[in-house]
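What follows is one structure encoded as structure tokens, with my remarks underneath.
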Ligand code: FES
């Protein structure tokens, strides 16, 4: 099964972290004690969202290339030019262990 585990204590609040789940780049963001994980590749072009800015209050991340803002909760772009969502990954937190896995694998 493709999954990645991280330590919650090593994730900095509001800072994007890039990991690979299976073969897919994923951006992981901790906001307080919640952790979000979405596809790291912008749906507009081949740009890594993990180099963009996180907006903690809105739970969003901004693509550094053209400025589309993606929801860390739904993966949907809230602003143009991107119009397609990026995938959302399942996150579980148990004590200090954060597990990231694709939703396909969770439901299959
Ligand atoms: S590459 Fe992300 S908005 Fe254009």
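In the numbering used here, the protein residues as written are -1 to 106. From the three backbone atoms N, C-alpha and C, an ideal C-beta is built for every residue, glycine too. Just so it is clear, the structure is predicted and the values come from calculations on it, not from any experiment.
- Below 8 Å, enough C-beta pairs join the segment 83 to 100 and the segment 8 to 27 to call them touching: three or more.
- Annotation: residue 11 is outside any beta strand (DSSP E) and is labelled neither H nor E by DSSP.
- Exposed is the label assigned to residue 12, since fewer than 16 other Cβ atoms lie within 10 Å of its Cβ.
- Annotation for residue 84 indicates a beta carbon at 6 Å or more from all heavy atoms of the ligand FES.
- Assigned with DSSP and collapsed to three states, residue 97 falls in strand.
- Each residue's CA atom was taken as its position, placing residue 43 and residue 30 some 30 Å apart.
- Residue pairing by DSSP leaves residue 73 without any beta bridge partner.
- Looking from the CA of residue 53, the closest CA among 41, 38, 69 and 45 belongs to 69.
- Inclusion of residue 67 and residue 57 in the CB contact set at 7 Å is not warranted, their separation being larger than that value.
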